[in-house]
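Residue numbers (the numbering used here), protein chains in the order written: chain H, 1 to 170; chain D, 1001 to 1124.
Heads up: the structure comes next, in structure tokens.
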């Protein structure tokens, strides 16, 4: 009968690797959620900014970021106070018209760029800075602003998770 | 792909189909809109692509809108065996259902339902 040596050492290393993978995959999950949220905000239609600002990230059912600024800075928190041992992430928009804006592809999302055709006061000849018709339309976001990120960037999203796992693979 | 889909549906008897837009309710209360909202290709470029398509059906009654939307959703399903669907003489696809008929909008005059499918085929 042969005597196999080192089994305990191998088991210890495997257990350590599995524990490490659990921790780093939570970090990867949080990174992916932050990435998706930021990309979705970039694509969201803008009128008043309410929709973009209604973006949120939930980890294990707990809201960890709400609003455009919060989501933008969330990556710095990954690994410190978020992405520790969470197993589920959700990204969404909570504005009441978010669903309609997201789903209805027949809506136009153009907006004006703020330029106004100058209007002059006929009596004084001075330009009235607040009057005048806006004419320049620029792209103002798109429908499917969240779903399109998941569809078009699925490789990048999976890489977010994989990179965290492999970077911390000690 | 979306033009071929329009031709296919017209061949099946559906009318008033518009691409990437819907006519105003006043101009055409009953209409079908086809929207291609994403087109992805596989990492390995083999000449194929996936077209994500939303179909909107607007009718004067809720029941008619839902019935036609359900019909189109069932029609554009290649099934578990991924049977190719020949859209036109030289255009085929494999159609996968993504989202069944859901209400999108209702006004005093009309109701709009939508469904979503993915068409995989030639990348054009």
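Don't be surprised by glycine CBs; every beta carbon is placed ideally from N, CA and C.
Remember, it's a predicted structure, so these values are computed and weren't measured experimentally.
Is residue 147 of chain H near residue 31 of chain H, with beta carbons less than 7 angstroms apart? The residue labelled residue 147 of chain H in the question sits at position 147 within the first chain. The residue labelled residue 31 of chain H in the question sits at position 31 within the first chain. No, the pair does not count as a contact, with Cβ atoms beyond the cut-off.
Using a Cβ-Cβ cutoff of less than 8 angstroms, which residues in the same chain neighbour residue 39 of chain H once the five nearest sequence positions on both sides are dropped? In the first chain, the residue the question calls residue 39 of chain H occupies position 39. 149 and 153, listed in sequence order.
Just checking: is the beta-carbon of residue 1035 of chain D within a distance shorter than 7 angstroms of some beta-carbon in chain H? Taking the first residue of the second chain as 1, we reach residue 1035 of chain D at position 35. Residue 1035 of chain D counts as touching chain H.
Within this structure, are the beta carbons of residue 27 of chain H and residue 83 of chain H separated by less than 7 angstroms? Locating residue 27 of chain H in the first chain gives position 27, counting from the first residue. Locating residue 83 of chain H in the first chain gives position 83, counting from the first residue. Going by C-beta atoms, residue 27 of chain H is nearer than 7 angstroms to residue 83 of chain H.
Drop a sphere of 10 angstroms on the beta-carbon of residue 104 of chain H, count the other beta-carbons inside from all chains shown, and report buried for 16 or more, exposed for fewer. In the first chain, residue 104 of chain H corresponds to position 104, counting from 1. With 16 or more Cβ atoms within 10 Å of its Cβ, residue 104 of chain H is classed as buried.
Rank D/1004, D/1084, D/1059 and D/1100 by C-alpha distance to the C-alpha of residue 1027 of chain D and give the top, closest one. Counting from 1 along the second chain, the entry for residue 1027 of chain D is found at position 27. Residue 1027 of chain D has its Cα closest to that of D/1059, out of D/1004, D/1084, D/1059 and D/1100.
Within the continuous alpha helix (DSSP H) that includes residue 101 of chain H, where are the two ends? As a first step, residue 101 of chain H is located in the first chain; it is residue number 101 there, counting from the start. That run of the alpha helix (DSSP H) goes 98-103.
Buried versus exposed, by CB contacts within 10 Å (16 or more), residue 54 of chain H: Numbered from its first residue, the first chain carries residue 54 of chain H at position 54. Per the 10 Å Cβ criterion, buried.
Beta-carbon contacts of residue 67 of chain H that lie in its chain and below 6 angstroms, excluding the five residues immediately before and after: Residue numbering aside, residue 67 of chain H sits at position 67 when the first chain is read from its first letter. If we look at residue 67 of chain H and ignore the five residues flanking it on each side, its Cβ neighbours are 53.
Is residue 100 of chain H closer than 7 angstroms to residue 1037 of chain D when the C-beta atoms are compared? Taking the first residue of the second chain as position 1, residue 1037 of chain D is located at position 37. Taking the first residue of the first chain as position 1, residue 100 of chain H is located at position 100. No, they are not a contact pair.
Of all the options D/1104, D/1012 and D/1088, which has the alpha carbon lying nearest to the alpha carbon of residue 1075 of chain D? What you label residue 1075 of chain D is simply residue 75 of the second chain in a count that begins at 1. When only C-alpha atoms are compared, the closest one is D/1012.
Whole angstroms is fine: what's the gap from residue 19 of chain H's alpha carbon to residue 90 of chain H's? Here residue 19 of chain H corresponds to residue number 19 of the first chain, with the count starting at 1. Here residue 90 of chain H corresponds to residue number 90 of the first chain, with the count starting at 1. Between residue 19 of chain H and residue 90 of chain H, the C-alpha separation is close to 23 angstroms.
What residue from H/151, H/161 and H/60 has the CA that sits closest to residue 1042 of chain D's CA? Within the second chain, the letter at position 42 stands for residue 1042 of chain D. Among H/151, H/161 and H/60, the Cα nearest to that of residue 1042 of chain D belongs to H/151.
What's the call for residue 88 of chain H, buried or exposed, on a 16-neighbour Cβ count within 10 Å? Reading the first chain from its first residue, position 88 is the one you call residue 88 of chain H. Under this definition residue 88 of chain H is an exposed residue.
Rounded straight-line distance, which links the Cα of residue 29 of chain H to that of residue 166 of chain H: For this step, residue 166 of chain H is matched to residue 166 along the first chain. For this step, residue 29 of chain H is matched to residue 29 along the first chain. Going by the C-alpha atoms only, they are around 13 angstroms apart.
Out of D/1066, D/1039, D/1067 and D/1091, point me to the one whose CA is closest to residue 1006 of chain D's CA. Position 6 of the second chain, counting from 1, holds the residue named residue 1006 of chain D. Considering only alpha carbons, the answer is D/1091.
Per DSSP, cross-strand counterpart(s) of residue 1018 of chain D: Here residue 1018 of chain D corresponds to residue number 18 of the second chain, with the count starting at 1. Partner(s): D/1033.
Identify the contact partners of residue 1040 of chain D in chain H, using a Cβ-Cβ distance below 7 angstroms as the criterion. Within the second chain, numbered from 1, the residue matching residue 1040 of chain D stands at position 40. Near residue 1040 of chain D (Cβ distances below 7 angstroms), the residues of chain H are 151 and 152.
Assigned secondary structure, residue 1122 of chain D (DSSP; H/G/I helix, E/B strand, else coil): Start at 1 with the first residue of the second chain, and residue 1122 of chain D comes out as number 122. Strand.
Chain H contact residues for residue 1009 of chain D, given Cβ-Cβ distances below 7 angstroms: As a working mapping, residue 1009 of chain D is identified with position 9 in the second chain. The contacting residues do not exist; residue 1009 of chain D stays about 17 angstroms from chain H at best.
Can you tell me whether residue 71 of chain H is helix, strand or coil according to DSSP? As a first step, residue 71 of chain H must be located in the first chain, where it is residue number 71. Looking at residue 71 of chain H - three-state DSSP - the assignment turns out to be helix.
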